[in-house]
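J.: The numbering of the sequence shown is the numbering used here, which starts it at 264 and goes up by one. Backbone N, C-alpha and C fix where the C-beta goes; we use that ideal spot for every residue, glycine too. These numbers were taken from a predicted model, which means no experiment stands behind them. Could you have a look at this structure, given as structure tokens, before my questions?
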Amino acid sequence: MAAYRQILYHIVFRTRGSGKTINQEHQADLYKYIWGIVKNKNCILYRINSMEEHIHILSDLHPSVALADYIRDIKISSSKWMKASGFFPDFNGWGIKYCAITCSYKDRDTIITYIKNQQEHHKKESFHNEITRIFREHGIDLDEKWFWVDS
Numbered sequence: 264m265a266a267y268r269q270i271l272y273h274i275v276f277r278t279r280g281s282g283k284t285i286n287q288e289h290q291a292d293l294y295k296y297i298w299g300i301v302k303n304k305n306c307i308l309y310r311i312n313s314m315e316e317h318i319h320i321l322s323d324l325h326p327s328v329a330l331a332d333y334i335r336d337i338k339i340s341s342s343k344w345m346k347a348s349g350f351f352p353d354f355n356g357w358g359i360k361y362c363a364i365t366c367s368y369k370d371r372d373t374i375i376t377y378i379k380n381q382q383e384h385h386k387k388e389s390f391h392n393e394i395t396r397i398f399r400e401h402g403i404d405l406d407e408k409w410f411w412v413d414s
């Protein structure tokens, strides 16, 4: 039986300790690796971009995939690859928590543009302020310990 669905998530997670360890020189390699994970899960990657301490992903989640498993697999696999590749010598893992917000298809292009323009955006707003604003805009109470503590 065919199922018609659309499950768009704007996913954000940070490096352990919010360390600036995502080397910009090799970001494209990281994005290709994560795209492979997404594709293997039968999900769709609409946009990915990062700064040195966090990453944004806009993805359609296949209904057979649980969100927590999806993000766990992306984080574990990409972490192992980043450490083994030699491209990210200061990377010591992802933070424990993540943010995943459902999105309307009609907002897809706006979110794609937002993610695409991360480097320009962060000239004006810190990651801490960005994630606080995103949580507030979506009616989520942000417990500072929940997002910023790694243990």
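Mark Lys387 as exposed unless 16 or more other C-beta atoms lie within 10 angstroms of its C-beta, in which case mark it buried.
T.: Within the sequence shown, the letter at position 124 stands for residue 387. Burial call: exposed.
J.: Could you spell out where the alpha helix (DSSP H) holding Asn286 opens and where it closes?
T.: As a working mapping, residue 286 is identified with position 23 in the sequence shown. Run containing Asn286: none; DSSP gives neither H nor E here.
J.: For Ser313, write down the residues that DSSP places opposite it in a beta bridge.
T.: By 1-based counting over the sequence shown, the position of residue 313 is 50. Per DSSP, Ile318.
J.: Within a Cβ cutoff of 8 Å, which residues of the same chain sit near Ser342, ignoring the five residues on either side of it in sequence?
T.: What you label residue 342 is simply residue 79 of the sequence shown in a count that begins at 1. Same-chain partners within the cutoff: Phe354, Gly356 and Trp357.
J.: Need the endpoints of the alpha helix (DSSP H) that Tyr333 sits in, please.
T.: The sequence position of residue 333 within the sequence shown is 70, counting from 1. From DSSP, the alpha helix (DSSP H) with Tyr333 extends over Leu330 to Ser348.
J.: To the nearest whole angstrom, what separates the beta carbons of Ile297 and Ile337, a pair I think is in contact under 8 Å?
T.: Residue numbering aside, residue 297 sits at position 34 when the sequence shown is read from its first letter. Residue numbering aside, residue 337 sits at position 74 when the sequence shown is read from its first letter. Right, the Cβ-Cβ distance comes to about 6 Å (below 8 Å), so this counts as a contact.
J.: Could you check which residue in Tyr361, Val328, Glu316 and Thr373 has the C-alpha nearest to that of Ile403?
T.: For the purposes of this step, residue 403 is taken as the residue at position 140 of the sequence shown. Checking every option, the nearest Cα to that of Ile403 belongs to Tyr361.
J.: By how many angstroms is the C-alpha of Cys306 removed from the C-alpha of His401?
T.: As a working note, residue 401 is residue 138 in the sequence shown. As a working note, residue 306 is residue 43 in the sequence shown. About 24 Å.
J.: Since Tyr377 is in the beta strand (DSSP E), which residue starts that stretch and which ends it?
T.: Along the sequence shown, read from residue 1 onward, the residue named residue 377 stands at position 114. Looking at the DSSP string, Tyr377 is not in any beta strand (DSSP E); the run it does join, the alpha helix (DSSP H), is Arg371 to Lys379.
J.: Quick one: grab the DSSP three-state call for Leu293.
T.: In the sequence shown, counting from the first residue as 1, residue 293 sits at position 30. The answer is helix: DSSP assigns Leu293 an H, G or I state.
J.: Is Phe398 helix, strand or coil when you go by DSSP?
T.: Indexing the sequence shown from 1 puts residue 398 at position 135. Note: Phe398 maps to helix in three-state DSSP.
J.: Taking the alpha-carbon of Phe350 as reference, which of Tyr267, Ile334, Arg277 and Leu293 has the nearest alpha-carbon?
T.: Here residue 350 refers to the residue found at position 87 when the sequence shown is read from its first residue. Taking only the C-alpha atoms, the option nearest Phe350 is Leu293.
J.: Does Glu316 pass the burial test, meaning 16 or more other C-beta atoms within 10 Å, or should it be called exposed?
T.: Position 53 of the sequence shown, counted from the start, is the residue given in the question as residue 316. It is buried - the Cβ of Glu316 has at least 16 other Cβ atoms within 10 Å.
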